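One structure is given here, and the rest of the page talks about it.
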Amino acid sequence: MIQSMTGYGKSVFQLPTKKISIELKSLNSKSLDLNARMPSMYRAKELNIRKLIAKQLVRGKVDFSLYVEVTGEDISSKINKTVVNQYIKQLKDVVDGDTTELLKMAIRLPDAVTTEREEIDEDEWVLIAKEINTAIAHIKTYRKDEGAILKQDFEQRISTLRTLLNQVITMDPERIDGVRARLEKGIADIKEKVDENRFEQELVYYIEKFDITEEKVRLDNHLDYFTSSLNSEDSNGKKLGFISQEIGREINTIGSKSNYAPMQKLVVQMKDELEKIKEQLLNVL
Numbered sequence: 003m004i005q006s007m008t009g010y011g012k013s014v015f016q017l018p019t020k021k022i023s024i025e026l027k028s029l030n031s032k033s034l035d036l037n038a039r040m041p042s043m044y045r046a047k048e049l050n051i052r053k054l055i056a057k058q059l060v061r062g063k064v065d066f067s068l069y070v071e072v073t074g075e076d077i078s079s080k081i082n083k084t085v086v087n088q089y090i091k092q093l094k095d096v097v098d099g100d101t102t103e104l105l106k107m108a109i110r111l112p113d114a115v116t117t118e119r120e121e122i123d124e125d126e127w128v129l130i131a132k133e134i135n136t137a138i139a140h141i142k143t144y145r146k147d148e149g150a151i152l153k154q155d156f157e158q159r160i161s162t163l164r165t166l167l168n169q170v171i172t173m174d175p176e177r178i179d180g181v182r183a184r185l186e187k188g189i190a191d192i193k194e195k196v197d198e199n200r201f202e203q204e205l206v207y208y209i210e211k212f213d214i215t216e217e218k219v220r221l222d223n224h225l226d227y228f229t230s231s232l233n234s235e236d237s238n239g240k241k242l243g244f245i246s247q248e249i250g251r252e253i254n255t256i257g258s259k260s261n262y263a264p265m266q267k268l269v270v271q272m273k274d275e276l277e278k279i280k281e282q283l284l285n286v287l
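Heads up, the sequence shown stops at 287 in my numbering, and the numbers go up one at a time, no gaps.
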């Protein structure tokens, strides 16, 4: 089952003193391009977070965000009472004023307020890791749903390509007859006698140059291979991309060899369908 690289997952949970929100967003990318945003106290676990995400999401431009909302008593900044009292004492020696005004001045001076560096608690990290996996599960479900829509589109376009190929196969004898008729008319127009055996040999050689039997067979096989890969258990957008390149190669060769306007119109339609497939493949994991 193919998966899209587009997705969104979120998990919100409550701790005793804070509410934590985890968000994951992903878009298409050739490889995994992960951007992580989180408060500084969680940076120590960034490598672990990246490993969790990379292992399960594999590819895509992924934005990870961890938001914290304090809901209880969780103060990391503290007033340095000793320093503040010293500041007030010194200020009284310089200016007259009540204690409240001097306190307002003192609290703004260096080292009056200290901030303790918070360390993430291991029990808290276990909960966060669990919720990250929950958000990843949500985004994977989103990707599978988007992939199912893409799969339907691919199946429809491959079916269209197969229909056009069958029209090419049906038209091919008529095309060869037309090539033969044009050559015979050209010889007749110059009113020259020719060796019939030699002419037939040259005619066969010329027609062989425009033969597309191998291209028709290979294109049919590539369409089958694309369909079977589409229905495989793994989502492999790169593999489908390689197959689409082979499909394009055969279509281009048929177009260059056809030398027949009605068939070239079919080739143009095939190229148009294939380009739409290639555009959508950019979104496949």
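We treat Cβ as the ideally placed atom computed from N, Cα and C, and that holds for glycine.
Since the model is a prediction, treat every value here as computed from it, not as a measurement.
> In or out: threonine 5 buried (at least 16 other Cβ within 10 Å) or exposed?
Replying inline: Residue identity check: residue 5 is glutamine in the sequence provided, not threonine. Burial call: buried.
> In terms of residues, what are the limits of the alpha helix (DSSP H) holding alanine 263?
Replying inline: 263 to 283
> Would you report the Cα separation of arginine 182 and isoleucine 214, rounded to the nearest angstrom?
Replying inline: 15 Å
> Going by alpha carbons, who is nearest to tryptophan 127 out of Ile245, Thr255, Asn50, Asp222?
Replying inline: Asn50
> Which whole-angstrom value describes the C-beta separation of tyrosine 144 and tyrosine 10, a residue pair presumed to lie in contact below a C-beta threshold of 8 Å?
Replying inline: 6 Å
> isoleucine 138: buried (16+ other C-beta within 10 angstroms of its C-beta) or exposed?
Replying inline: buried
> Can you tell me where the alpha helix (DSSP H) with asparagine 223 in it begins and where it stops?
Replying inline: 215 to 232
>> Could you give the first and the last residue of the continuous beta strand (DSSP E) run that contains alanine 38?
In response: 34 to 39
>> Can you give me the C-alpha to C-alpha distance between phenylalanine 212 and asparagine 261, rounded to a whole angstrom?
In response: 8 Å
> With respect to the alpha helix (DSSP H) encompassing leucine 287, which residues constitute its N-terminal and C-terminal limits?
Replying inline: Taken as a continuous stretch (DSSP letters only), leucine 287 belongs to no alpha helix (DSSP H), as it is neither H nor E.
> From Ile130, Thr255, Glu277, Asn285, pick the residue whose C-alpha is nearest to that of serine 23; which is it?
Replying inline: Ile130
> Quick one: what does DSSP say glutamate 25 is sitting in, helix, strand or coil?
Replying inline: strand
> Assuming arginine 113 and valine 96 make a contact with CB atoms under 8 Å, what is their CB distance in whole Å?
Replying inline: The question names arginine, yet the displayed sequence has aspartate at residue 113. That pair is no contact at about 19 Å.
> Beta carbon of methionine 7, beta carbon of serine 28: below 8 Å?
Replying inline: yes
> Are there three or more Cβ pairs, one per stretch, closer than 8 Å when the stretch 260 to 275 is compared with the stretch 153 to 165?
Replying inline: yes
> Which whole-angstrom value is the C-beta distance of lysine 280 and serine 246, which I expect to be below 8 Å?
Replying inline: 6 Å
>> How far does the alpha helix (DSSP H) with leucine 105 in it extend, from its first residue to its last?
In response: 101 to 108
> Which same chain residues, not among the five before or five after threonine 255, have their C-beta less than 8 Å away from its C-beta?
Replying inline: Ile214, Glu217
> Of the choices Ile209, Leu152, Gln154, Lys20, whose alpha-carbon is the least far from that of glutamate 71?
Replying inline: Lys20
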